[in-house]
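Protein chains: 2
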Amino acid sequence: MVMSPLVNTYPLSSYTVGTKEPKMEKDTSVADRLARMRVNYMKEGTRTSVEAILLVQEHNHPHILLQQIGNTFYKLPGGRLKPGENEIEGLKRKLTSKLGANSPALIGECVAIWWRPNFETLMYPYCPPHITKPKEFKKLFLVHLSEKEYFAVPKNLKLLAVPLFELYDNVQRYGPVISTIRHQLSRFQFNMITTFL
Amino acid sequence: MVMSPLVNTYPLSSYTVGTKEPKMEKDTSVADRLARMRVNYMKEGTRTSVEAILLVQEHNHPHILLQQIGNTFYKLPGGRLKPGENEIEGLKRKLTSKLGANSPALIGECVAIWWRPNFETLMYPYCPPHITKPKEFKKLFLVHLSEKEYFAVPKNLKLLAVPLFELYDNVQRYGPVISTIRHQLSRFQFNMITTFL
Numbered sequence: 000m001v002m003s004p005l006v007n008t009y010p011l012s013s014y015t016v017g018t019k020e021p022k023m024e025k026d027t028s029v030a031d032r033l034a035r036m037r038v039n040y041m042k043e044g045t046r047t048s049v050e051a052i053l054l055v056q057e058h059n060h061p062h063i064l065l066q067q068i069g070n071t072f073y074k075l076p077g078g079r080l081k082p083g084e085n086e087i088e089g090l091k092r093k094l095t096s097k098l099g100a101n102s103p104a105l106i107g108e109c110v111a112i113w114w115r116p117n118f119e120t121l122m123y124p125y126c127p128p129h130i131t132k133p134k135e136f137k138k139l140f141l142v143h144l145s146e147k148e149y150f151a152v153p154k155n156l157k158l159l160a161v162p163l164f165e166l167y168d169n170v171q172r173y174g175p176v177i178s179t180i181r182h183q184l185s186r187f188q189f190n191m192i193t194t195f196l
Numbered sequence: 000m001v002m003s004p005l006v007n008t009y010p011l012s013s014y015t016v017g018t019k020e021p022k023m024e025k026d027t028s029v030a031d032r033l034a035r036m037r038v039n040y041m042k043e044g045t046r047t048s049v050e051a052i053l054l055v056q057e058h059n060h061p062h063i064l065l066q067q068i069g070n071t072f073y074k075l076p077g078g079r080l081k082p083g084e085n086e087i088e089g090l091k092r093k094l095t096s097k098l099g100a101n102s103p104a105l106i107g108e109c110v111a112i113w114w115r116p117n118f119e120t121l122m123y124p125y126c127p128p129h130i131t132k133p134k135e136f137k138k139l140f141l142v143h144l145s146e147k148e149y150f151a152v153p154k155n156l157k158l159l160a161v162p163l164f165e166l167y168d169n170v171q172r173y174g175p176v177i178s179t180i181r182h183q184l185s186r187f188q189f190n191m192i193t194t195f196l
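Residue numbers (numbering that gives the first Met the number 0), protein chains in the order written: chain A, 0 to 196; chain B, 0 to 196.
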């Protein structure tokens, strides 16, 4: 038997969630966002983003932590690296700013990479042929949470724990990146840890 | 920078493909197949299948080797393990019977696991909640081909090299397992090796 890599998941209740000052989105529309991306690309070249897959358990099923802006848009905690910034350090910085996660999070496996070929919302899990200058690539890392953690979430972002099976085949709600996380994680085995406080 | 695991891909032309006696499917219909699965489940319990992701390159793009039965149905080389059989040994046995691959293939990473909750064609990249006795689980392994290889393919099976980007979002043609292989492989980097013979 080939053993699956193990991921410890702790109960949602073992994490405490507070709030902090809002961290507003830099753009008010998708068009603005793509325009800013174009300006940054001219200055800094291909943009690298890093995002975290943070797992907890509830009712013995793995759940993923997502941040919601307004009532529609779901995001993984993470964001854009500074030019030349190390991916692991950059992701830790983002986890602090977006989640207030202070404990040194253990950044684990890179489970997926997505490419943005043009200044458009469409992303692919590969760089399409004939695209020599992708505009962004986004790396998803599995982040191993410790048994206890205090999160301070910007007031304008809701923090949700969504059951992993809810993502599957739900591209309408979660988009292509988040809706296929369940596929990316199929090779992992989840160790549901029940703690008695 | 976190380095992506590397996969060497050699030109399709460096592999020679011959034929051997047909290896007929045991079932003539999907209904027959599911009925046989039910009988085997009663005898042997949850079935384990192993399948191989074999990559080559053409025009500098990674291609996957698929086997086609008739004009419609695509399969990854592989099959069902014998009860208690080791996964790696079983996959090697299947690669010999289905592909005539004799060189000791290097079985690499498990990239995906799929579960069949019922005696139905539907599979999921997780065991759905409340399913305590899945009927099958299927593991996909990345198999690293050597620089040269001779394949002897059963006469009733066509061997195809399909560009990986062709699989993406093509669930209609390839089904949920094969159409998401491109997602599973996004974290790998392909080293396209051009050999001059």
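Ideal Cβ placement from N, Cα and C applies to all residues, glycine included.
Query                                                                                                                                                                                            : Result
Distance check for Arg92(B) and Asn85(B), CA to CA, integer angstroms please.                                                                                                                    : 10 Å
Starting from the C-beta of Glu24(B), find all residues in its chain whose C-beta is less than 7 Å away, skip the five residues before and the five after it, and write them out in chain order. : Ile68
Let me check understanding here. Comparing Cα to Cα, which of His143(A), Thr45(A) and Val161(A) lies closest to Glu135(A)?                                                                       : Thr45(A)
Under the DSSP definition of a beta bridge, which residues are partnered with Phe150(B)?                                                                                                         : Val16(B)
Would you check if there are 3 or more beta carbon pairs closer than 8 Å linking the stretch 119-136 of chain B to the stretch 69-77 of chain B?                                                 : no
Kindly indicate which three-state DSSP category Asn155(B) falls into: helix, strand or coil?                                                                                                     : coil
Any beta carbon of chain B sitting closer than 8 Å to that of Arg79(A)?                                                                                                                          : no
Could you check which residue in Lys157(A), Pro124(A) and Lys154(A) has the C-alpha nearest to that of Gly174(A)?                                                                                : Pro124(A)
My parser needs the beta strand (DSSP E) runs of 3 or more residues fully inside the stretch 10-60 of chain B; what are they?                                                                    : 14-19 and 46-57
Quick check: what's the CA-CA separation for Phe187(A) versus Ala34(B)?                                                                                                                          : 30 Å
In chain order, what residues of the same chain lie with their CB nearer than 7 Å to the CB of Val170(A), ignoring the 5 residues before and after it?                                           : Ser178
Identify the residues that DSSP records as bridge partners of Asn232(B): which are they?                                                                                                         : Look at the range of chain B in this structure, 0 to 196, and you will see that residue 232(B) is not part of it.
Is the beta carbon of Ile106(B) closer than 8 Å to that of Leu90(B)?                                                                                                                             : yes
Give the DSSP-derived three-state secondary structure of Phe164(B) in the structure shown.                                                                                                       : helix
Quick check on Ala111(B) - is its C-beta less than 8 Å from some C-beta in chain A?                                                                                                              : yes
Compile a chain-ordered list of the residues in the stretch 175-186 of chain A whose CB is closer than 7 Å to at least one CB of chain D.                                                        : Protein chains A and B are contained in the structure displayed, whereas chain D is not.
Give the straight-line distance between the Cα atoms of His129(A) and Val38(A), rounded to the nearest whole angstrom.                                                                           : 23 Å
Under 8 Å, do Leu141(B) and Glu88(B) count as touching if we go by C-beta distance?                                                                                                              : no
Given that Leu207(A) touches chain B, what residues does it touch there, using C-beta distances under 9 Å?                                                                                       : Absent from the structure is residue 207(A), since the part of chain A shown begins at 0 and ends at 196.
Here's the rule: buried if 16 or more other CB atoms are within 10 angstroms of the residue's CB, otherwise exposed. What is Arg181(B)?                                                          : buried
Using DSSP's beta-bridge definition, name the partner residues of Ile112(B).                                                                                                                     : Lys138(B)
In chain A, which residues lie with their C-beta within 7 Å of the C-beta of His60(B)?                                                                                                           : Pro128
For Glu20(B), count neighbouring Cβ atoms within 10 angstroms of its own Cβ and tell me buried if that reaches 16, exposed if not.                                                               : exposed
What does Tyr167(B) reach in chain A if we use C-beta pairs closer than 8 Å?                                                                                                                     : Tyr123, Pro124 and Tyr125
Using a C-beta to C-beta distance shorter than 8 Å, which residues of chain B count as neighbours of Ser145(A)?                                                                                  : Under the 8 Å cutoff, chain B gives no residues; its nearest Cβ is about 21 Å from Ser145(A).
Please work out which residues of its chain come closer than 8 Å, Cβ to Cβ, to Arg172(B), disregarding the five sequence neighbours upstream and downstream, and give them in chain order.       : Tyr73 and Ser178
What residues of chain B sit near Ser3(A), judged by a beta carbon separation below 8 Å?                                                                                                         : Cys109 and Ile112
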